[in-house]
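Here the protein sequences line up with chains A and B, keeping their order.
Numbering-wise, the first sequence is residues 1055 to 1496 according to our numbering.
Numbering-wise, the second sequence is residues 1055 to 1496 according to our numbering.
Heads up: the structure comes next, in structure tokens.
Protein chains: 2
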Amino acid sequence: MTGALRPPSLRWAEIVAVGSELLVPPRLDTNSLFITERLNEYGIEVRAKAIVGDRREDLEAVVRAALARTELVVVCGGLGPTDDDLTRDAVSAVTGRTLREQSGILDGIRQRFAARGARMPEINRRQAMVPEGADVIPNGLGTAPGLWLEHEGRVLLLLPGPPAELKPMVERVVAERLAPRAGGGRLHRRVLRICGRTESEVDERAAPVYSRWVIGPLPVSTTVLTSPAQVELHLSVRAASAAEAHARLEAAAADMACLFGADLFSMDGRVLEEVVGQLLRDRGWHIGVAESCTGGLISGRLTEVPGSSDYVGFNAVCYSNQAKASVLGVPPALLAGHGAVSEPVALAMADGIRQRAAAEIGIGVTGIAGPAGGSDDKPLGTVVIGVTTADVRVVRTYRFPAGRARVRQFAAQIALDLARRVLLGVEAGRAFVFMPGTGVRR
Amino acid sequence: MTGALRPPSLRWAEIVAVGSELLVPPRLDTNSLFITERLNEYGIEVRAKAIVGDRREDLEAVVRAALARTELVVVCGGLGPTDDDLTRDAVSAVTGRTLREQSGILDGIRQRFAARGARMPEINRRQAMVPEGADVIPNGLGTAPGLWLEHEGRVLLLLPGPPAELKPMVERVVAERLAPRAGGGRLHRRVLRICGRTESEVDERAAPVYSRWVIGPLPVSTTVLTSPAQVELHLSVRAASAAEAHARLEAAAADMACLFGADLFSMDGRVLEEVVGQLLRDRGWHIGVAESCTGGLISGRLTEVPGSSDYVGFNAVCYSNQAKASVLGVPPALLAGHGAVSEPVALAMADGIRQRAAAEIGIGVTGIAGPAGGSDDKPLGTVVIGVTTADVRVVRTYRFPAGRARVRQFAAQIALDLARRVLLGVEAGRAFVFMPGTGVRR
């Protein structure tokens, strides 16, 4: 052990975002998500976050409080050249370290302006002011350098607010200065994705397993996130050895696979359209999608995947009955007899697009997204999804929770999932199941 | 004046979100955005926000600091029944007010469980504990009631964390308790949207106008948000009179319309697909979209708008050359001679879908979204967009910034905008313009 020569290891951090514009509703502080992710990877956990406006007394109070309890305090923003950029002054006041102009920084800023044929405005001199003892972190993309200041056993890291400038600086600081001091081992993550269960169903079944995971030398923590017809489990484990972490996460993923079977569609972070794409590629198949109420969402998701032109040739959005008949060959008698939102029509749409696109598997989606168009018989949120191949014909009627955008998102996700199940061969003649909570019947 | 009988008016607030799960990267604290929006409407501004984990000392420190400087402190979360739900205890400690069990709350919680045929677990008793002097805000959707506590001239508002429970409670509290005490007049907003200018172009031109807006009795503040091929200006004005605020925002919007002409496509918060939909509806026209690289994004956006079945009948995603030929009737010689990503093919796609969909206006989009498929001649990000009607034929070649998802988003937005300009009659023979910064040539 080198003992006193080695700086103390960092385990906890706080993040302070500075700027009145961040306190107005449409703005999100996404910098702190990025920083948290990078810190977590190196085993540094975030203990608290704050957003403060451009008021010096608030900024000083928040930085002082953070420094009092946490080893690493990251302050984002407030390093610009104007009067309301207060981070340098606040840090100087909190630490009692005088600001001094650094000529090297000043020259760099002057050169940035000169390169654009401009003279540096006098206010930009502020950006060359550095608290005594701070290291300067160069900024290749803007005028504000970052600052690294060690103070009474704590570290203060000051970063510029624009994400394009902040991100590369964070990458560099993490690799060069934080990684060597991360004491707790790196954090390793795994994302699992489930379709066909509600959050409470997943929770009820998995909770006893989670509680076993947190016992033992490499505890696994879990965060659950839900979106329409999808439950995501974010597993993480802190370990010095990547191999051990990998093995632990692999075992945890296997536990979930055992609980959820084919409902667990991704154990490696892939999204549903990637999983479906891979199944198509494995078989050398093409897919055709005929969408009515989803209006192109399914096609949009499938083609978001690089290389999807290998298995997508033609998809159709057939909103009108006329297009269902003329483009997909749905018999007008079927439309008239059963209505556009019906199981025979969904199957005929799937068959039609399969034929028109010369694809081996077809999806047909027809439903009532709202806000108008519902009836007693077929209320808003009713969606019929058919998937057909040369050998399999599956059709399901769903009732999704209200709201046009939500109905469309549920329908797109469930349609892709039904295609996945048909491709896997697990969905040949499954009985209807009512999914409580979501109103999903499948 | 009723003087001392009237409680002090509220002008500033702080929001504290409680929960270790909010400090893990994928989670966003969206509650605070919702609360901020509602408070702002009543002229209450948010001075700072904090997120703290489930540590009692951190929570106490943050609540104590917020109470010391701000009149209204809203704490979200930490009201559940388990040991790591610490908000009640922390508030009791900070204010010195003892927690007492309220039998009314306890009965309500017991009834909630009984309604599901279950017995209340003993731990849920915690949720019936109330600091002395606090008013209980009933929660119809969960077991944790909200609490309103006036303490030494400040207000502490405690809300449950789940958004579904928090939101209706906020609406009620804002209407019943905060609106009468909002002293600064309500905040009125207006969102303007621009396509065809970069953020810096907008800023350069508009900055002198912004600075005039902040002078005078009703200053207008501006926040700028950008997304692919769109700049949003969020204007807000604080005024006691809705009519005065409306007139001020109307004048400000007119200033911008004067600066940006047809590039300013929305002055009332509508998104581009709504504006295009309205133009189609006004003319009684249908639109047909033939997408290659955008893969359904344009169709998905157009059909997101309620009632879009009035003007959308059939859209096609033609990824393969074969589909471009067989579905849209693009001559194979054109595809072979010019390549799929070319101006003649984009125009033929627009004409083809217009004919197949029996629409009055057609859009054809073909491009190279990447990551593969680029060449020296047609690098990644090259997208050709054609829009045709019986009378007008417009085609443009663009080079969008790299990244598959970004290229597709840029292309979808610009295609909808080009259709808008053709519908308005402002885009008949406009010269190509290179948009610096984005690499957009149009």
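Every residue gets a Cβ at the ideal spot worked out from N, C-alpha and C, and that includes glycine.
How many Å lie between residue i and residue j at the Cα?
i: G1383 of chain A; j: E1414 of chain B; result: 23 Å
i: V1441 of chain B; j: A1402 of chain B; result: 10 Å
i: S1396 of chain A; j: L1434 of chain A; result: 14 Å
i: V1263 of chain A; j: R1166 of chain B; result: 28 Å
i: Q1409 of chain A; j: Y1365 of chain A; result: 15 Å
i: G1162 of chain B; j: D1257 of chain B; result: 55 Å
i: G1493 of chain B; j: L1210 of chain A; result: In this predicted model, G1493 of chain B has a pLDDT of only 36, less than 50, meaning its place in the structure is not dependable; the value taken from the coordinates is given anyway. Roughly 38 Å between the two C-alpha positions.
i: S1295 of chain A; j: R1244 of chain A; result: 15 Å
i: T1149 of chain B; j: H1205 of chain B; result: 7 Å
i: A1252 of chain A; j: E1358 of chain B; result: Correcting the residue type first, residue 1252 of chain A is Thr in the shown sequence and not Ala. Whole-angstrom Cα-Cα distance: 25 Å.
i: G1491 of chain A; j: G1428 of chain A; result: Per-residue confidence for G1491 of chain A stands at a pLDDT of 36, beneath the threshold of 50, marking its modelled position as unreliable; the derived number appears in the next sentence. Rounded to whole angstroms, G1491 of chain A to G1428 of chain A spans 21 Å at the Cα level.
i: R1065 of chain B; j: A1308 of chain A; result: 53 Å
i: L1213 of chain B; j: G1250 of chain A; result: 31 Å
i: G1421 of chain B; j: L1356 of chain B; result: 20 Å
i: G1239 of chain A; j: L1472 of chain A; result: 41 Å
i: S1281 of chain B; j: L1246 of chain B; result: 13 Å
i: A1104 of chain B; j: L1289 of chain B; result: 25 Å
i: V1227 of chain A; j: T1451 of chain A; result: 53 Å
i: E1327 of chain A; j: V1127 of chain B; result: 43 Å
i: M1055 of chain A; j: Y1096 of chain A; result: Bear in mind that the predicted position of M1055 of chain A carries a pLDDT of just 37, short of 50, making it too unreliable to give a figure here.
i: S1362 of chain A; j: V1438 of chain A; result: 25 Å
i: G1416 of chain A; j: E1286 of chain A; result: 27 Å
Does the Cβ of residue i have 16 or more other Cβ atoms within 10 Å, making it buried, or fewer, making it exposed?
i: S1265 of chain B; result: exposed
i: E1155 of chain A; result: exposed
i: T1090 of chain B; result: buried
i: D1317 of chain A; result: buried
i: V1268 of chain B; result: exposed
i: A1411 of chain A; result: buried
i: L1478 of chain B; result: exposed
i: P1199 of chain A; result: buried
i: A1293 of chain B; result: buried
i: G1057 of chain B; result: Interpretation of G1057 of chain B is limited by its pLDDT of 40, a score under 50 that renders its predicted location unreliable; the figure taken from the coordinates is listed afterwards. By the 10 Å Cβ count, G1057 of chain B comes out exposed.
i: D1445 of chain A; result: exposed
i: F1488 of chain A; result: Because the pLDDT of F1488 of chain A is 35, which lies under 50, any placement of that residue in the model is unreliable, and the question is left without a value.
i: S1063 of chain A; result: exposed
i: E1186 of chain B; result: exposed
i: E1111 of chain B; result: exposed
i: A1394 of chain B; result: buried
i: S1254 of chain A; result: exposed
i: D1322 of chain B; result: exposed
I want to verify the contact list: residues of chain B whose CB lies under 8 Å from the CB of residue i, in sequence order.
i: P1135 of chain A; result: Those within 8 Å of P1135 of chain A in chain B number zero; the least Cβ separation is about 15 Å.
i: E1075 of chain A; result: T1277
i: R1170 of chain A; result: Simply none; closest approach about 12 Å.
Report yes if the CB atom of residue i is closer than 8 Å to the CB atom of residue j, and no otherwise.
i: R1081 of chain A; j: T1124 of chain B; result: no
i: R1101 of chain B; j: G1132 of chain A; result: no
i: S1146 of chain B; j: L1153 of chain B; result: yes
i: I1177 of chain A; j: T1136 of chain A; result: yes
i: Y1373 of chain B; j: F1368 of chain A; result: yes
i: G1342 of chain A; j: I1407 of chain A; result: yes
i: R1462 of chain B; j: T1348 of chain B; result: yes
i: V1449 of chain A; j: A1400 of chain A; result: yes
i: M1183 of chain A; j: R1142 of chain A; result: yes
i: V1291 of chain B; j: A1283 of chain B; result: no
i: R1208 of chain A; j: L1121 of chain A; result: yes
i: S1353 of chain B; j: G1350 of chain A; result: yes
i: N1085 of chain B; j: L1220 of chain B; result: yes
i: R1458 of chain B; j: G1424 of chain B; result: yes
Say whether chain E places a C-beta atom closer than 8 Å to the C-beta of residue i.
i: C1372 of chain A; result: Protein chains in the displayed structure are A and B, and chain E is not among them.
How would you list, in chain order, the residues of chain A whose beta-carbon sits under 9 Å from the beta-carbon of residue i?
i: G1408 of chain B; result: The residue you asked about is not Gly; residue 1408 of chain B is Arg in the sequence shown. Correct list: empty, because the minimum Cβ distance to chain A is about 14 Å.
i: L1287 of chain B; result: None at all; the shortest Cβ gap to chain A is about 11 Å.
i: T1090 of chain B; result: L1077, V1078 and P1079
Under 7 Å Cβ-Cβ, which residues of chain B neighbour residue i?
i: I1105 of chain A; result: A1102 and K1103
i: S1353 of chain A; result: G1349, G1350 and V1371
i: V1366 of chain A; result: Y1373
Who are the neighbours of residue i on chain B, taking C-beta pairs under 9 Å?
i: N1094 of chain A; result: V1078 and P1079
Chain A partners of residue i, CB-CB under 8 Å?
i: D1112 of chain B; result: R1101, A1102 and R1123
i: E1022 of chain B; result: Residue 1022 of chain B cannot be examined here, being either before or after the span of chain B that is shown, 1055 to 1496.
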